[in-house]
């Protein structure tokens, strides 16, 4: 099993098709949970509703305390990504525990970029 497939199974990734369809929709929120250094080094997904909120694999304090301010629409689609999908998985769990109903774990930034052309 490839690294991507292993991570996809372990961290409940959405399919690349689901992610690309969501990213094509301007009403989707795109939540980047990497830190500023990672974003500066690797780039980010350009989207009208891009939000950055760093977290760790074990905690997402800003989301836990401010999710409704960052993401006011609990029924909107939220695409979450990080570097490998692990922190995005934590963020997805936090959002779902707060009533968000359409959260997609896109995995890592490079996963999104490489799956875009598939």
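Residue numbers (the UniProt record's numbering): 1 to 118. Virtual Cβ for every residue (Gly too), placed ideally from N, Cα, C.
Inset, instruction - Quick one: grab the DSSP three-state call for residue 130. - result: Nothing can be reported for residue 130, as the shown portion of the chain is limited to 1 through 118.
Legend entry - Completely contained alpha helix (DSSP H) runs for the segment 30-112, where each covers 4 or more residues: Counting only runs of 4 or more, we get 36-42, 61-70, 86-97.
Inset, instruction - Return the first residue and the last residue of the alpha helix (DSSP H) that residue 3 is part of. - result: Here residue 3 is taken as the residue at index 3 of the chain shown, counted from 1. Taken as a continuous stretch (DSSP letters only), the alpha helix (DSSP H) holding residue 3 covers 3-10.
Legend entry - Local Cβ density within 10 Å of residue 111, reported as buried at 16 or more and exposed below that: For this step, residue 111 is matched to residue 111 along the chain shown. Residue burial is scored here from C-beta neighbours: residue 111 has at least 16 other C-beta atoms within 10 angstroms and is therefore classed as buried.
Legend entry - CB-CB length for residue 66 against residue 88, believed under 8 Å: Looking up residue 66 in the chain shown gives position 66. Looking up residue 88 in the chain shown gives position 88. Not a contact, Cβ separation roughly 17 Å.
Legend entry - Element boundaries [alpha helix (DSSP H), containing residue 22]: By 1-based counting over the chain shown, the position of residue 22 is 22. It spans 16-23 - the alpha helix (DSSP H) in which residue 22 sits, taken as one unbroken run.
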